[in-house]
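Okay, structure first, notes after.
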Amino acid sequence: MDQAALVSVGLPAALFLIMVGMGLTLTPKDFREVLVAPRATVYGLVAQIILLPLVGVGLAMSLDLSPALAVGLVIIAACPGGTTSNLFAFLGRGDVALSIVLTVAASLITIVTLPMFTSWALGHFQDSERVLELPVLRTILTLVVIILIPVGIGMTIRHFRQSWAEKGEKLVSIFGLLVLVAVIALLLIDLGEEALVLLRQGGMAVVLLNIIGLVLGMAGGRLMGLPRDQAFTVAIELGIKNGTLGLMVTLTLLHSDAMSVPAAVYGVLMFLFGFLMLGYSRLTGIGRS
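Numbering (my numbering), first residue to last: 23 to 311.
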């Protein structure tokens, strides 16, 4: 499959399957966590939906990024947590139920907020001679199709065929990860020498975004009175983002390789920071009875 087909067909298909995989882990009772632990849920959502995108805007302005990289940074900052965050929360002995609720709720809310932040960034950062416009209605419909519908399908399968859900969950996650890796590799090959320039320009911004997200979750959560396991979970949700969604928006809706660089770089570095968080969790005994 060439790059064009991988981006236009493989990327949305992979994201659809990843979201089905998320649905396979859910039952209606999981959503009761919203009522059981409202403080953690509300803080986690506010941090994901509002605070971190604003951090992305601030970094894009203060670091004097190119217009394309600035827009790309805001887009990945406005993306919800990725499904992999649930696995990191589990391995780090965090609050897995909270992680699932935050991932799903943020994914649903960003159907509206992601187009809003993206449209603003395009209007603010793009050169006046060449302003790209995000097709907002198309973006919302696309996000509904690849987030809301597949999650519903996954939950339905789990309800009627739990054994299928347990087997399929791992398979679709592996498939989605492979496609994400392939897209990042082909993207870097296509950019060629320009990729090194963009990485030098945007790499520090992505690292800072990830670190600030983790601090917002861990330190901010503790200041909000959350127990350590829930603060750790919020940090993981802010740090492990849906990089596939960021790539889909920049590559298939905006058709910009340069804008996709922050999402691609973030999609790689977030695993490094995720493993560092696991080490911190194990060393400090988070979630240990």
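Don't be surprised by glycine CBs; every beta carbon is placed ideally from N, CA and C.
Residue i and residue j closer than 9 Å at C-beta
i: Leu91; j: Ala82; result: yes
i: Ile308; j: Phe110; result: no
i: Val229; j: Leu291; result: yes
i: Val173; j: Met41; result: yes
i: Gly224; j: Val283; result: yes
i: Val79; j: Gly235; result: no
i: Ala127; j: Thr178; result: no
i: Ile168; j: Met270; result: yes
i: Pro102; j: Gln70; result: yes
i: Met12; j: Leu85; result: The question about residue 12 has no answer, for the chain in this structure spans 23 to 311.
Member of the options whose CA lies at the smallest distance from the CA of residue i
i: Val68; options: Ile131, Gly80, Ala35; result: Ile131
i: Tyr65; options: Met270, Ala253, Asn264, Ala285; result: Ala253
i: Ser141; options: Thr49, Arg244, Ala285, Leu275; result: Leu275
i: Leu48; options: Cys101, Ala257, Asn108; result: Asn108
i: Gly190; options: His181, Phe182, Leu200, Gly176; result: Gly176
i: Phe112; options: Val134, Val256, Ile171; result: Val256
i: Gln184; options: Ala285, Leu46, Gly104; result: Leu46
i: Met138; options: Leu159, Val118, Thr125; result: Leu159
i: Leu87; options: Thr125, Ala143, Ala100; result: Ala143
Beta-bridge pairing of residue i - partner residues as DSSP gives them
i: Gly261; result: Answer is none; Gly261 lacks a bridge partner.
Integer-rounded CB distance, given that residue j should sit under 8 Å from residue i
i: Gln148; j: Val93; result: 7 Å
i: Phe295; j: Asn232; result: 5 Å
i: Arg115; j: Asp251; result: 7 Å
i: Ser121; j: Glu259; result: 6 Å
i: Ala36; j: Thr266; result: 6 Å
i: Ile98; j: Tyr302; result: The pair is not a contact, with the Cβ atoms about 23 Å apart (cut-off 8 Å).
i: Ala285; j: Thr306; result: Going by Cβ atoms, the distance from Ala285 to Thr306 rounds to 31 Å, so no, they are not a contact pair.
i: Asn264; j: Gly43; result: At roughly 12 Å, the Cβ-Cβ gap does not stay under 8 Å, so Asn264 and Gly43 are not in contact.
i: Val166; j: Ile211; result: Actually they do not touch by this definition, with Cβ atoms about 32 Å apart.
The ligand GDP heavy atom lying under 8 Å from the CB of residue i
i: Phe182; result: The model on display carries no ligand, and the ligand GDP is accordingly not part of it.
Subject >> Length-filtered (4 minimum) alpha helix (DSSP H) runs lying within the segment 72–103 >> reply: Every alpha helix (DSSP H) of 4 residues or more that sits fully in the segment 72–103 is shown, in chain order, as 74–84, 89–100.
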